[in-house]
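*Asks:*
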């Protein structure tokens, strides 16, 4: 069984929470794209964890966790993440954490370049997390990069890095930010590479053997469909493919076919960063929803933009992801509302549309709302559909029909067991 757990919207849908929940039934959990530019927050019996790079399955002793070839990895950040887990009693070994030898390393000059470019753009910035992700992926496709396997081939590492640094100095000379010296970069790679080396392996061979032996593998995405570099709200996207179709490629077994895709979406909308967000609330209305859902970026702490559930965007995301079933998260957050706004269409230049626009047209989209009855009660203890208030059930059924995909899981609280299955 090969399953992908992916985001339907702009990211921050609660994928980490669902992976942590569902990982009990899987042997291997694999991150297949992205870097430390987003985070998955998981709350369980061991405490609260924010994971930026590590797969959410690391919190279960029974799983093997893989960081795939499609990732870009800041090894300093990864070492810190491993150390913080260890402090909470979660120990990682080469038996339960495997890092692809083909994964790309995000270096300090990528971070410096990211920050400098956002500063240059000023009010036209893309909303980068300033963690070097876009420059790292850019260098990857320019074939100017250092991969995990290079840490294992130290005799040629300095020569490779020297050539890249010479190129970097030529391409970035207009920026004021000075580039690190070669010796500093070698020391950085040596220091943090020592922590990472034991985990580096040929994950393609490992995953191929596992799949052939019938192991259950879950692929975990970062961000959501609307942040995909090809199909998202370009250029306000991430720099990698967030779609389920890329899962086996980014993981390291490109020939494998998925058996199931589980899409994750919130019971309302949230968005970190710049770009079009048609349902965005403002003022006190936004503050109430943001505080009720504690909507702050797991990676950056930035306040998230929030709004009512967006059927147009979500239906589009469901189609892009090829979702077979859905998880609806943070349903409990809506309990304070008398009436719940749901955007069922957009109006663009006075014309109603139920299709998700692309390009500059999306900037003109205005939400068309329907208002559903609120359920006005604490639902955190509900564990079956029958336990929910009638208005909550009607809300779930309305959303399910509108996006055209069955909702199987509904989370009603932040804890691992705070959910119900339909």
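Numbering (the numbering used here), first residue to last: 13 to 434.
Every residue, glycine too, gets a C-beta built ideally from N, C-alpha and C.
Quick one: is residue 263 buried, meaning 16 or more other Cβ sit within 10 Å of its Cβ, or exposed?
*Replies:* Within the chain shown, numbered from 1, the residue matching residue 263 stands at position 251. So residue 263 counts as buried.
*Asks:* Between the alpha carbons of residue 427 and residue 203, how many angstroms are there, rounded?
*Replies:* Walking along the chain shown from the start, residue 427 turns up at place 415. Walking along the chain shown from the start, residue 203 turns up at place 191. If you take the alpha carbons of residue 427 and residue 203, they lie about 37 Å apart.
*Asks:* Find the nearest neighbour of residue 157 within the set 355, 122 and 21, judged by alpha-carbon distance.
*Replies:* Numbered from 1 along the chain shown, position 145 holds the residue referred to as residue 157. Looking at the Cα atoms, 122 is the closest of the given residues.
*Asks:* For residue 62, name the three-state secondary structure that DSSP assigns.
*Replies:* Position 50 of the chain shown holds residue 62. Strand, per DSSP.
*Asks:* For residue 116, count the other beta carbons within 10 Å of its own beta carbon; 16 or more makes it buried, fewer makes it exposed. Which is it?
*Replies:* As a working mapping, residue 116 is identified with position 104 in the chain shown. Under this definition residue 116 is a buried residue.
*Asks:* In this structure, how does DSSP classify residue 120 when only helix, strand and coil are distinguished?
*Replies:* Taking the first residue of the chain shown as position 1, residue 120 is located at position 108. Three-state DSSP puts residue 120 in a helix.
*Asks:* Go ahead and label residue 225 buried or exposed: buried means 16 or more other beta carbons lie within 10 angstroms of its beta carbon, across all protein chains shown.
*Replies:* Within the chain shown, the letter at position 213 stands for residue 225. Answer is exposed; the Cβ neighbour count stays below 16.
*Asks:* Which of helix, strand or coil does DSSP assign to residue 173?
*Replies:* Numbered from 1 along the chain shown, position 161 holds the residue referred to as residue 173. If DSSP states are grouped into helix, strand and coil, residue 173 belongs with the helices.
*Asks:* Alpha carbon to alpha carbon, what distance is there between residue 218 and residue 94?
*Replies:* Taking the first residue of the chain shown as position 1, residue 94 is located at position 82. Taking the first residue of the chain shown as position 1, residue 218 is located at position 206. When rounded, the distance between both Cα atoms is 22 Å.
*Asks:* Looking only at its own chain, which residues have a Cβ that is under 7 Å from the Cβ of residue 252, when we skip the five neighbours before and after it?
*Replies:* If you number the chain shown from 1, residue 252 lands on position 240. These residues qualify, in order along the chain: 45, 46, 82, 149 and 241.
*Asks:* From residue 48 to residue 70, what does the alpha carbon distance come to, in whole angstroms?
*Replies:* Here residue 48 refers to the residue found at position 36 of the chain shown. Here residue 70 refers to the residue found at position 58 of the chain shown. Straight-line Cα distance between these residues: approximately 16 Å.
*Asks:* Rounded to whole angstroms, what's the CA-CA distance from residue 98 to residue 72? Just pull it up for me.
*Replies:* Along the chain shown, one-based indexing puts residue 98 at 86. Along the chain shown, one-based indexing puts residue 72 at 60. About 13 Å.
*Asks:* Using the three-state DSSP reduction, which class does residue 234 fall into: helix, strand or coil?
*Replies:* Start at 1 with the first residue of the chain shown, and residue 234 comes out as number 222. The answer is strand: DSSP assigns residue 234 an E or B state.
*Asks:* Assuming residue 300 is part of the alpha helix (DSSP H), what are its boundary residues?
*Replies:* Here residue 300 corresponds to residue number 288 of the chain shown, with the count starting at 1. Segment 295-304, the alpha helix (DSSP H) holding residue 300.
*Asks:* Considering only residues of the same chain and omitting the five flanking positions on each side of residue 307, which have a CB-CB separation below 6 Å?
*Replies:* For this step, residue 307 is matched to residue 295 along the chain shown. So the qualifying residues of the chain are 282, 316 and 318.
*Asks:* In terms of alpha-carbon separation, which member of 19, 13 and 14 lies closest to residue 234?
*Replies:* For the purposes of this step, residue 234 is taken as the residue at position 222 of the chain shown. Nearest C-alpha to residue 234: 19.
*Asks:* Ordered along the chain, which non-local residues of its own chain (more than five positions away) have a Cβ less than 7 Å from that of residue 430?
*Replies:* Sequence index remark: in the chain shown, residue 430 carries index 418 (1-based). These residues qualify, in order along the chain: 392, 423 and 424.
*Asks:* Roughly how many angstroms separate the alpha carbons of residue 188 and residue 155, rounded to a whole number?
*Replies:* Taking the chain shown and counting its residues from 1, one reaches residue 188 at position 176. Taking the chain shown and counting its residues from 1, one reaches residue 155 at position 143. Spanning the two alpha carbons is a distance of roughly 25 Å.
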